[in-house]
Amino acid sequence: MNTVYTNIGHTSTGHTGTGAVNNAPVLRVENLSLGYTRHHTDGRTSKVAVLRDVSLQIHKGEVIGLVGESGCGKSTLALALLGFLRGGGEVLGGKVRYGKTSLFDLPDADLAALRGGDIALIPQNAGQSLTPTMKLGAQLAEALKLHSDLPQGQYRARAIELLTLVRLPSPEQLLERYPHQLSGGQQQRVAIAMALAGEPDVLLLDEPTTGLDVTTQAHILELLRELRQRLGTTMVFVSHDLGVIARISDRIAVMYAGELIELGSCAEILRSPAHPYTRGLLAAIPRLASGMLPAALPGYPPAVGARHQGCAFAARCSHVSPDCQERTPDQTALGTRQVRCNLPAPQLRQPLQLEGVPVPEVTVGEPLLSLDQVAVSYQQQSLWQKLRGQPESTATVDGIELSLKRGETLALVGESGSGKSTIMRSICGINPPRRGHIQLDDQPLNLPVEKRDAVLKRRVQMIFQNPDASLNPRHTIAEILAQPLKLYFGLTGAACRAKAAELLAQVRLGEHYLDRLPAQLSGGEKQRVAIARTFAGEPDLILCDEVTSALDVSVQAAVLQLLKQLQAERGVAYLFIAHDLAVVQAIADRVAVLYQGRLCEEGETRDLFAAPWHPYTETLLDAVLQPDPDHNPKLHSDDAAESQPPAQGCPFQNRCPRKLGSQCDNELPDWQQIRGKRLRCHIPARQLIGLQRV
Amino acid sequence: MTDSAAIENTALAASQSQSTQGRTPQKRSVQVWRSMRRSPAAMIALSILALHLIIALLAPWISPWDWTLQNGYNMLQPPSAAHWFGTDNMGRDVFSRTLMGGREALKVTLLGTLLAMLWGSLTGITLGLLGGRIDEWVMRAVDALLAIPWLLFLLLIISTIGQSGLTLVLTLGFFYGIAVIRVARGATLDFVARDFVMAARVRGESNWTIVRQELLPNVLDSLLVEGAMRWAWMLLAFSSLSFLGFGVVPPTPDWGLMIADTRGIMSIAPWATLFPALALSSLIISINLSADAFGKAMGLDRAKAPV
Amino acid sequence: MLKLILNRLVLAVLTLVAVCTLVFSVTEALPGDVCTAFLGRNAQGVRLENCRADRELHKPAIERFADWGYGVVSQGDLGRSLKRNKSINKLVGNRMRNTLVLATTAALIGIPLAIFLGVLAALRRDKATDVGISTGSIFAMTLPEFVSATLLIYIFAIQLKWFPAVTTVRHNAPLEDLLPNIVLPVAVLALVMTAHILRMVRSSMIDVMASDFVQMARLKGVPYWQIVFRHALPSAMLPAVNIIALTIAWLLGGVVIIEQVFNYPGIGTLMISAIYDRDLPLVQAIALVLAAIYVGVNLLADLTSLALNPRLRTARG
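Residue numbers (the numbering used here), protein chains in the order written: chain A, 3 to 696; chain E, -4 to 302; chain Z, 25 to 341.
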């Protein structure tokens, strides 16, 4: 039955907030196994399971968080709750029940009526999930026509009501817009409004905030929390990010290799996880307050559909016994929760200890890299514009002053569009600066890469975000590693191969990897190869562009450790970009905060994170979510997207919660130096410190 | 819909990840060949193509009659034991002429395709890599060149320079290369934005190395399929030219020319027209079907535009 | 948006100028001149002198090109034919109409049919329907036009005697006399056109049906056919439109052959005879006309994709 919300803002009965849960299950997953048929080259077929024997009850009014790494089956499970199988998928066993009806037994027409009506989905990438050729008004009207009893004349009014509900400004105008005219955050809000159009009993949220900026993510989560309080909707929230899950869930279901391995209340799981995987996962997440590198989980998660005997986690488990290789554990109750592990109960109940790994000592040496008043822009003035005397457009990045010593790690931090990557591209010579000087020791780096001499090319290397993209899929690992060896040292043949094997050993990979293709490696292994390739040039400076963001958390920790160890051994300097501030905390010595291509604040990582003084740093850090049930983010300013830096004044003027007035609009603030940090704000630093205590 | 592709992809991913456990994988060429062998259409097409090539090679030795021999007493004979495909209006043996009729076409188009692919793909890949103003202007010129109806262009040049085989190879090769530029550039653009090309640039590799080592191996699939398609289109153009009287010079037998010469007498001697038509069609169709199957086996299930 | 349309118009004109220049310079670059080419063996003495004087060949090439261009732009005057010694405009006029009737009819049948079959094949991908349509399209588009035309003539004109084998009416015949003659040529042209376009539509539709927003529409409970027509088809047509335009223009070459096979009094037959006669001024004029059709088709495609694509429509400027 649908709850009918006659009045927006009316609190539906019985739900007064987090934790208020009715006992009747709305959705029941009963021993569900999903998979597909694999066709072998010799014509044989076999069944491959993607989800194995999953049982889960979702109660009315609760928010359940589904968490796990990529390929663990969490999205497959969420879509199964809509009775949907991805292309080629089939049910290998079990049922999904909504009330009394079994979803996979329903005829297509009934299933279609249920989707978007009783159970609605909010997708991960709203931008690509809205039909690009239809106006938002038409798409909302379509949803209302399909899933509400409203007469046609009221669609428009209701659509405006829904857009207001998700806090979108000027909803009347939005109805006439196309999806591409909205920012990422706005698109996500529209997707939420569309899901609410059918007044669903259950909302499925598939990574709804992944890919959004930290502040936008925090805002969307607050909106969802508020909707949940007002409407009492049951939610299934899928995410790989335990920080997000912690913020919104009542209960958490942890998945690994297609199995549900632990299920319990949010606080219980985050404070005292029982399953060795959950423990390992929680320990591998970098924390803002830690000051250490997170402990790495050994090994890599199995590929989707990989078959195994016994416990799926046995290969990576520190408590593994011969029994685990043989016997597949059942989902058994442990107090109020359920765990899938062969270990005896007392061992599962041991408290969680977050022991980080101390950061290896690196000796910081001579100054290496310096940027002086660097400005970069992508648009070049055309001859026509020059002739007409048009002023140059505002530079994408401007006034950058930074320095980096040997053996040091400097992190650039900021939201998307803050110019982090632009700075990197100009240092590596892909997009040279328009003004200012970049120097490595005393050699100018202003030159584009093709004009640099061989030694200079060798000394600056770069590691990319996604190893799937940065390794040529047609080359073997040996060929990939041979490229820099040949280019910089002229190595060929056996000598080259020996050196390549040596490089692999440095990143803890065996020689047998040499003849493989990238597609045959897991994500973490690929990134190690990419790291080995950059070290082949024996560089002094390595630019790290979001190097761990494409990796799973359990693999990320190991890569971070590897990077730090290599730095200790080689004394290289890292310029590091990451959107995850906890990662930055773990690896960087110093942090520079950027907004719209301008520096806001810079200082030692520990100082800066402990006391973020600049209003933007404060906004950014307070929006960070942590895998801690007690942690509450603070929202200082709205998440309005800005496409261009302002032509004059403080770059943060439009969103600043502490804006003074016209001074901020017109004058670029000077640097203030205080307690080893420097920041750019019109408010005196001492006053800022005082303001934050309030 | 996309089901089978999705299954293939997942299955491929799964099999590849399994091979992480130590098995060395098959070579890609072996995989492609295996996949092609499962398609009966592909195997039939490949056999027909092979048959055509063999016949073209051996035609002068296996023809039962002299293909230029005219026999006034033996005109317009229907197919018989002596003349399998009958005789034409000059009493020539249609079977022998059909066997011979593909040689010139195959020779010219194979060389022409090679030329077109060579200059077209190198130009296209380089443009895709360089981008910017050069790319923009060259592509405009390419579009303008393609705006001239191809037949007019070819006819104009051939009618004034003369109908030698070399002229045909050069004009066809040049003109069809223009179309290859578009395809090669398009395929390159898919990869230029990838980080491995960026990585090579940051490393300081020369443009030539990037084209050869990073781009070529990745666009080779598309180029091979493109080459096969281009070959079929060129055969079509060549035989059209012959049909109009601008291709092969008589008395060299050629299917297009044979069809043109005999279609006036089709109501009394249809065999003289239909057998060369069948030979020509089966060759072009077998090339196209092979290219199609080849593309599918390599995972490029896309329609190819003629330009 | 206005800026975009203006941009396209300027580009179209530039393309035309480029084509003219190219054709003109090719004819200039070839050995001999218009008159030696035309007169062939008789290119000597008074006849050659007269011809040269008549065509004002003593003027520099640039000046003649400018004169010709000026004539085209100011009065739509395409010049004078050598062989027939009369105004090209008169020669081209009716034949242009005939060719357009042929091509438009084929397009009106071929394009909707291609979209229908392409979508059908995409939705039934790899099932019997798709395999049938796809294989059929390969046959239809790879058969040379003169072969399929010859086959159709053999079946429908010689064996069944339903339609005339070749056109016997003159180029200035009224439309109703022309009509029975266009059935077979239109059939051949429509066949090739449909085959080409349906393949583009199919591949584009397959891509779109696999996209996130189509999956999302299914998960929103939108009925299947509504997904296909409201959500998927407009996006699928976007990349297809420009390729369709290019293909149609490319098929103009095929029109020439089809006209030749059926002896149809269109611009194609005129072009072939002009080339046989080495009537270079006429060839230049026809090249210009054909290029104009190409540019026109492309412009139409640009406008269509503008109408289909909100991203372009809402772009500023």
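For glycine and all other residues, C-beta sits at the position ideal for the given N, C-alpha and C.
In this text, all values refer to a predicted model and were calculated from it rather than measured experimentally.
Distance cutoff 7 angstroms, beta carbons only. Does Z/H82 sit that close to anything in chain A?
Along the third sequence, read from residue 1 onward, the residue named residue 82 of chain Z stands at position 58. So no, Z/H82 is outside the interface.
Beta-carbon proximity list for A/Y597, same chain, < 7 angstroms, skipping 5 on both sides:
Walking along the first sequence from the start, residue 597 of chain A turns up at place 595. Closer than 7 angstroms at Cβ, skipping near neighbours: G416, S420, Y618, P653, F654.
For E/S10, three-class secondary structure by DSSP:
Here residue 10 of chain E corresponds to residue number 15 of the second sequence, with the count starting at 1. Because E/S10 carries a pLDDT of 38, less than 50, the predicted location of this residue cannot be relied on, and the following value inherits that uncertainty. In the structure shown, E/S10 sits in a helix (DSSP, three-state: H, G or I).
Just the chain A side, please: which residues come within less than 8 angstroms of Z/R76 by C-beta, in chain order?
Locating residue 76 of chain Z in the third sequence gives position 52, counting from the first residue. Per Cβ cutoff of 8 angstroms: no residues; Z/R76 is ~44 angstroms from chain A at best.
Can a CB atom of chain A be found closer than 7 angstroms to the CB of Z/D326?
Here residue 326 of chain Z corresponds to residue number 302 of the third sequence, with the count starting at 1. By this cut-off, Z/D326 is not an interface position.
If distances are taken between C-alpha atoms only, which option among Z/L215, Z/Y300, Z/R194, Z/V190 comes closest to Z/N205?
Looking up residue 205 of chain Z in the third sequence gives position 181. Ranking Z/L215, Z/Y300, Z/R194, Z/V190 by Cα distance to Z/N205 puts Z/V190 first.
Endpoints, beta strand (DSSP E) assigned at A/C546
If you number the first sequence from 1, residue 546 of chain A lands on position 544. Run containing A/C546: 543 to 547, per the beta strand (DSSP E) assignment.
Could you pull out every unbroken alpha helix (DSSP H) segment of at least 4 residues lying fully inside the segment 504 to 580 of chain A, listed in chain order?
525 to 538, 555 to 572
Uninterrupted beta strand (DSSP E) stretches inside the segment 53 to 82 of chain E (no shorter than 3 residues)
none
With DSSP collapsed to three states, give me the class of A/D443.
Residue numbering aside, residue 443 of chain A sits at position 441 when the first sequence is read from its first letter. A/D443 falls in the coil class under three-state DSSP.
Counterpart residues of A/R682 in DSSP-defined beta bridges:
Mapped onto the first sequence, residue 682 of chain A falls at position 680. Partner(s): A/W673.
Test: E/S276 CB closer than 7 angstroms to a CB of chain Z:
In the second sequence, residue 276 of chain E corresponds to position 281, counting from 1. Output row for E/S276: interface = yes.
Using the Cα positions of A/A259 and A/V52, report the straight-line distance between them to the nearest angstrom.
Here residue 259 of chain A corresponds to residue number 257 of the first sequence, with the count starting at 1. Here residue 52 of chain A corresponds to residue number 50 of the first sequence, with the count starting at 1. Near 8 angstroms, if we compare the C-alpha coordinates of A/V52 and A/A259.
Which residue or residues does DSSP assign as beta-bridge partners of A/Q189?
Taking the first sequence and counting its residues from 1, the one referred to as residue 189 of chain A is at position 187. For A/Q189, which the question treats as bridged, DSSP gives no partner whatsoever.
Using a Cβ-Cβ cut-off of 7 angstroms, state whether Z/L330 counts as contacting chain E.
Locating residue 330 of chain Z in the third sequence gives position 306, counting from the first residue. By this cut-off, Z/L330 is not an interface position.
Buried or exposed: Z/Q239, going by 16 or more other Cβ atoms within 10 Å of its Cβ?
Locating residue 239 of chain Z in the third sequence gives position 215, counting from the first residue. It is buried - the Cβ of Z/Q239 has at least 16 other Cβ atoms within 10 Å.
Cross-strand partners of Z/P263 (DSSP beta bridge):
As a working note, residue 263 of chain Z is residue 239 in the third sequence. Paired residues: none, contrary to the question.
How would you label Z/R337, buried or exposed, when you count the other beta carbons within 10 angstroms and need 16 or more for buried?
For the purposes of this step, residue 337 of chain Z is identified with residue 313 of the third sequence, where counting begins at 1. Exposed.
Could you tell me whether the Cβ of Z/S161 comes closer than 7 angstroms to any Cβ of chain A?
Counted from its first residue, the third sequence places residue 161 of chain Z at position 137. Judged by the 7 angstroms Cβ criterion, Z/S161 is not in contact with chain A.
Taking 8 angstroms as the limit between beta carbons, can you name the residues of its chain near A/G85, skipping five residues before and five after?
On the first sequence, position 83 is the one that residue 85 of chain A refers to. Here the set comprises V98, L105, F106, L108, L113, L116, R117.
Just to confirm before moving on: does the CB-CB distance between A/T212 and A/Q130 stay below 7 angstroms?
The residue you call residue 212 of chain A lines up with position 210 of the first sequence. The residue you call residue 130 of chain A lines up with position 128 of the first sequence. No, the pair does not count as a contact, with Cβ atoms beyond the cut-off.
Below 6 angstroms CB to CB, which residues in the same chain sit around A/V23 once its five sequence neighbours on both sides are set aside?
Numbered from its first residue, the first sequence carries residue 23 of chain A at position 21. Residue confidence for A/V23 is low, a pLDDT of 49 falling below 50, so the modelled location carries little weight; the figure read from the coordinates is stated next. Result list for A/V23: H61, G63, E64, in chain order.
Using only alpha-carbon positions, find the residue among A/P686, A/S292, A/P475, A/A248 that is nearest to A/P631.
To locate residue 631 of chain A, count along the first sequence from 1; it is residue 629. Measuring from the Cα of A/P631, the nearest candidate turns out to be A/A248.
Quick one: what's got a C-beta closer than 7 angstroms to E/A8's C-beta in the same chain, skipping five residues either side?
Taking the first residue of the second sequence as 1, we reach residue 8 of chain E at position 13. Model confidence at E/A8 stands at a pLDDT of 39, short of 50, so the residue's coordinates are unreliable; what they give is reported in the following sentence. None.
Cutoff 7 angstroms: A/G118 Cβ touching any chain Z Cβ
Within the first sequence, numbered from 1, the residue matching residue 118 of chain A stands at position 116. Chain Z, which has a Cβ nearer than 7 angstroms to the Cβ of A/G118, makes this yes.
For Z/R335, does the three-state DSSP call read helix, strand or coil?
The sequence position of residue 335 of chain Z within the third sequence is 311, counting from 1. Helix.
Taking any Cβ of chain Z, which residues in the segment 140 to 171 of chain E have a Cβ under 8 angstroms from it, in chain order?
L140, L141, A142, I143, P144, W145, L146, L147, L150, L151, I152, S154, T155, I156
I'd like to know if Z/L323 contacts chain E, where contact means its C-beta is closer than 7 angstroms to some C-beta of that chain.
To locate residue 323 of chain Z, count along the third sequence from 1; it is residue 299. Answer no: the Cβ-Cβ gap between Z/L323 and chain E never drops below 7 angstroms.
For the segment 166 to 181 of chain Z, enumerate the residues whose C-beta is nearer than 8 angstroms to any C-beta of chain E, in chain order.
T166, L167, P168, E169, F170, V171, T174, L175, I177, Y178
Could you tell me whether any Cβ in chain E is nearer than 7 angstroms to the Cβ of Z/V280?
Here residue 280 of chain Z refers to the residue found at position 256 when the third sequence is read from its first residue. Interface residue, yes.
By how many angstroms is the C-alpha of A/R499 removed from the C-alpha of Z/A152?
By 1-based counting over the third sequence, the position of residue 152 of chain Z is 128. By 1-based counting over the first sequence, the position of residue 499 of chain A is 497. Cα to Cα, the separation comes out at about 51 angstroms.
Could you check whether the Cβ of E/R18 sits closer than 7 angstroms to any Cβ belonging to chain A?
As a working note, residue 18 of chain E is residue 23 in the second sequence. With a pLDDT of 41 at E/R18, under the threshold of 50, the modelled position of this residue cannot be trusted; read the value that follows with caution. No, E/R18 does not count as interfacial toward chain A.
Pair within 7 angstroms by beta-carbon distance, E/L165 and E/M229
As a position in the second sequence, residue 165 of chain E is number 170, starting the count at 1. As a position in the second sequence, residue 229 of chain E is number 234, starting the count at 1. No, Cβ-Cβ distance for E/L165 and E/M229 is not below 7 angstroms.
Determine whether the Cβ of A/H41 lies closer than 7 angstroms to any Cβ atom of chain Z.
Numbered from 1 along the first sequence, position 39 holds the residue referred to as residue 41 of chain A. No, no contact with chain Z.
Answer yes or no: do A/L414 and A/L371 have a C-beta to C-beta separation smaller than 7 angstroms?
In the first sequence, the residue the question calls residue 414 of chain A occupies position 412. In the first sequence, the residue the question calls residue 371 of chain A occupies position 369. Cβ distance not < 7 angstroms, so A/L414 and A/L371 don't count as in contact.
Which residue from A/D641, A/H616, A/L622, A/G651 puts its Cα closest to that of A/G692?
Within the first sequence, the letter at position 690 stands for residue 692 of chain A. Closest by alpha carbon: A/H616.
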